[in-house]
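Take a look at the structure below.
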Amino acid sequence: MIPIHPVSLDEYPDHSHNPIDSHENRSDKPEEACGVFGIYAPEQDVAKLTYFGLYALQHRGQESAGIATFEGEQVHQHKDMGLVSQVFNEAILEKLPGHIGVGHTRYSTTGSSRKVNAQPAVVDTRLGKLALAHNGNLVNTIQLREELLKSNFNLVTTTDSEMIAYAIAEEVNAGADWLEGSIRAFHRCQGAFSLVIGTANGVMGVRDPNGIRPLVIGTLGENPVRYVLASETCGLDIIGAEYLRDVEPGELVWITDAGLSSYRWNQQPQRKLCIFEMIYFARPDSIMHNETLYSYRMRLGRRIAQESPVDADIVFGVPDSGIPAAIGFSQVSGIAYGEGLIKNRYVGRTFIQPTQSMRESGLRMKLNPLKDVLAGKRVIIVDDSIVRGTTSRKLVKTLREAGAIEVHMRISSPPVTHPCFYGIDTDTQDQLIAATKSVEEISKQLEVDSLAYLSWEGMLEATREDTNSFCSACFTGDYPVAIPEQVKRSKLMLEKVVV
Ligand code: SF4
1 MIPIHPVSLD EYPDHSHNPI DSHENRSDKP EEACGVFGIY APEQDVAKLT
51 YFGLYALQHR GQESAGIATF EGEQVHQHKD MGLVSQVFNE AILEKLPGHI
101 GVGHTRYSTT GSSRKVNAQP AVVDTRLGKL ALAHNGNLVN TIQLREELLK
151 SNFNLVTTTD SEMIAYAIAE EVNAGADWLE GSIRAFHRCQ GAFSLVIGTA
201 NGVMGVRDPN GIRPLVIGTL GENPVRYVLA SETCGLDIIG AEYLRDVEPG
251 ELVWITDAGL SSYRWNQQPQ RKLCIFEMIY FARPDSIMHN ETLYSYRMRL
301 GRRIAQESPV DADIVFGVPD SGIPAAIGFS QVSGIAYGEG LIKNRYVGRT
351 FIQPTQSMRE SGLRMKLNPL KDVLAGKRVI IVDDSIVRGT TSRKLVKTLR
401 EAGAIEVHMR ISSPPVTHPC FYGIDTDTQD QLIAATKSVE EISKQLEVDS
451 LAYLSWEGML EATREDTNSF CSACFTGDYP VAIPEQVKRS KLMLEKVVV
């Protein structure tokens, strides 16, 4: 029995106790959420297809990866810290036979980065095991945890995802079947959850009533048609699956040997897709609202060129995420698009601390300036967002040292003023540069000749969708699912609960 000790939120006000995860070493970008994948395909090597699905979703989380397969009633699983390509090899995949696969690639939002928190979460129930992969973050974790502890559940990890799995187990153990038990459990969850849940009978795909995190359905093969679930369409493309449609907010799809059936488990869904998925998180080749995100991001650049023009000799994007917007900016402004920075594409997340002198040069581990392109030029640099501003400041310094005579910065999203509680790590509010400083003050701090952000209206109108159908709370503080006051104080609300 693992001892469980109640923990005060105030004990763990942020994640900076983790040396690897200190502010200094973390990316100056909102950190991605998680990637989930599911497949029902008895004729196929589901472990291998899940592996490749996760491989395409790697950008959504680089801390751990896991796959669970169902072979009849039996569950096989492997999960570990690291990239998908580091966690799995042929020999490991061969030990994961079955007709159903559930996969997860993780960036920690609730619960710190360690192996026990890797997913899928596998839990025993009256009807057999379930394997759950979660993308998002619950906001009522504390309440749910208390309920589950009262039921004497032996919570192994510190993740809200495990609690969803146990809530389903509790309902199933009380007599419900898989669907009924899951739906009852989802009604106990508040916040963001896109889920893939494997059982011996079939795979479920679920989205919370706001559809904050994405989840898509694909088809594989004909006669019989098999179904695949993935966080983004790039997870379908890689295995040759065809995009069918999104799992809708408040929908549960149940995929079995008989095909796919759909259940509206929540009668009051409202679309609130995370706008940051479109601006930055999701891969540019993923499709949302019938177009690639590359196209949307180009429109963001066009819009900011209209809103905040400036004269210069060259415009370029911060690789890779700023590039489509920079191209859009160039198209409207007529200013030549070029490349001013080259990214080292083989830099993954490193857990080795750089030396002090490397730390000072910081940025060059990832980005190197093209000196002859920049020398004597007035440059416009386009980025998708600024979180803390530390990287942007280094970037501007690098460009000036490389010979740029003017540096104008354009950001293809509005100022990030509020933290996210729905599965994205946008840092604590006091660390967000735009939460405490005006655009003019930020401009001075970054030492740019001019700085402009895209307007909130511009960001939403560029979607060409109903502008009410997005969460944009990190730009406004208008959270679509209310955040309990105590939760606002902490990211690692459950840490140290478990030994
Ligand atoms: S708060 Fe921001 S990052 Fe979080 S879900 Fe909403 S738009 Fe996305």
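If you read the sequence shown in UniProt numbering, its first letter stands for residue 1, the second for the next number, and so on.
C-beta atoms are modelled at their ideal positions from N, C-alpha and C, and glycine is treated no differently.
In this text, all values refer to a predicted model and were calculated from it rather than measured experimentally.
Proximity below 8 Å, CB of residue i to CB of residue j
i, j, result
"A165", "L130", "yes"
"A305", "S333", "yes"
"L54", "G103", "yes"
"Y273", "Y227", "Correcting the residue type first, residue 273 is Leu in the shown sequence and not Tyr. Result no, Cβ atoms of L273 and Y227 do not sit closer than 8 Å."
"A434", "P415", "yes"
"G340", "I381", "yes"
"I255", "G202", "yes"
"L57", "A241", "no"
"Q268", "P309", "no"
"G38", "T105", "no"
"I342", "D383", "no"
"A68", "L83", "no"
"L96", "L195", "no"
"V156", "M204", "no"
"C471", "I279", "no"
"V46", "G101", "yes"
"A326", "P369", "no"
"S161", "A192", "no"
"G218", "Y243", "yes"
"A289", "T463", "The sequence given here places His at residue 289; Ala does not occur at that position. Yes, they are a contact pair."
Exposure of residue i, with buried meaning 16 or more beta-carbon neighbours within 10 Å
i, result
"G221", "exposed"
"D246", "buried"
"I287", "buried"
"R126", "exposed"
"H187", "exposed"
"residue 542", "Here the chain covers residues 1 to 499 and nothing more, so residue 542 does not appear."
"V487", "buried"
"V225", "exposed"
"R207", "buried"
"G322", "buried"
"P324", "buried"
"R26", "Residue placement at R26 is flagged as unreliable, the pLDDT there being 47, under the threshold of 50; a coordinate-derived value is accordingly withheld."
"N154", "exposed"
"A91", "exposed"
"N223", "exposed"
"Q119", "buried"
"K371", "exposed"
"S385", "buried"
"Q86", "exposed"
"P249", "buried"
"R345", "exposed"
"N117", "buried"
"I442", "buried"
"G376", "exposed"
"I214", "The question names Ile, yet the displayed sequence has Pro at residue 214. Label assigned to P214: buried."
"N89", "exposed"
"A258", "exposed"
"A482", "exposed"
"V318", "buried"
Enclosing alpha helix (DSSP H) for residue i [first to last residue]
i, result
"Y280", "First-last for Y280: undefined, no H or E at that position."
"S295", "L293 to E307"
"residue 511", "For residue 511 there is no data in the structure shown, the boundaries of the chain being 1 and 499."
"D313", "First-last for D313: undefined, no H or E at that position."
"V332", "I323 to S333"
First and last residue of the uninterrupted beta strand (DSSP E) at residue i
i, result
"S450", "S450 to Y453"
"D160", "Looking at the DSSP string, D160 is not in any beta strand (DSSP E); the run it does join, the alpha helix (DSSP H), is D160 to N173."
"C34", "C34 to Y40"
"W254", "E251 to T256"
"L229", "R226 to A230"
"G218", "V216 to L220"
"K343", "L341 to K343"
"L243", "It should be noted that the sequence gives Tyr, not Leu, for residue 243. Run containing Y243: E242 to D246, per the beta strand (DSSP E) assignment."
"P369", "L367 to P369"
"I239", "Looking at the DSSP string, I239 is not in any beta strand (DSSP E), and its letter there is neither H nor E."
"Q74", "Q74 to M81"
"F88", "Note, F88: premise wrong, no beta strand (DSSP E); not H, not E."
Minimum Cβ-Cβ distance from residue i to chain E less than 8 Å
i, result
"E457", "The structure shown contains no chain E; it holds only a single protein chain."
Check whether the region 45-60 and the region 289-303 are in contact - that is, three or more C-beta pairs closer than 8 Å. no
Touching by the beta-carbon criterion (3+ pairs, under 8 Å), the region 443-463 and the region 396-413: The region 443-463, when compared against the region 396-413, does touch it at the 8 Å Cβ threshold.
Answer yes if the region 160-176 comes into contact with the region 70-89, meaning at least three C-beta pairs across the two stretches below 8 Å, and no otherwise. no
Is the region 326-341 touching the region 466-479, taking contact as three or more C-beta pairs under 8 Å? no
Count Cβ pairs between the region 289-296 and the region 387-394 that sit closer than 8 Å; are there 3 or more? Verdict: no, contact absent.
Specify whether the region 131-144 and the region 455-472 touch according to this definition: at least 3 beta carbon pairs, one from each stretch, less than 8 Å apart. Because the criterion of three Cβ pairs below 8 Å is not met, the region 131-144 and the region 455-472 do not touch.
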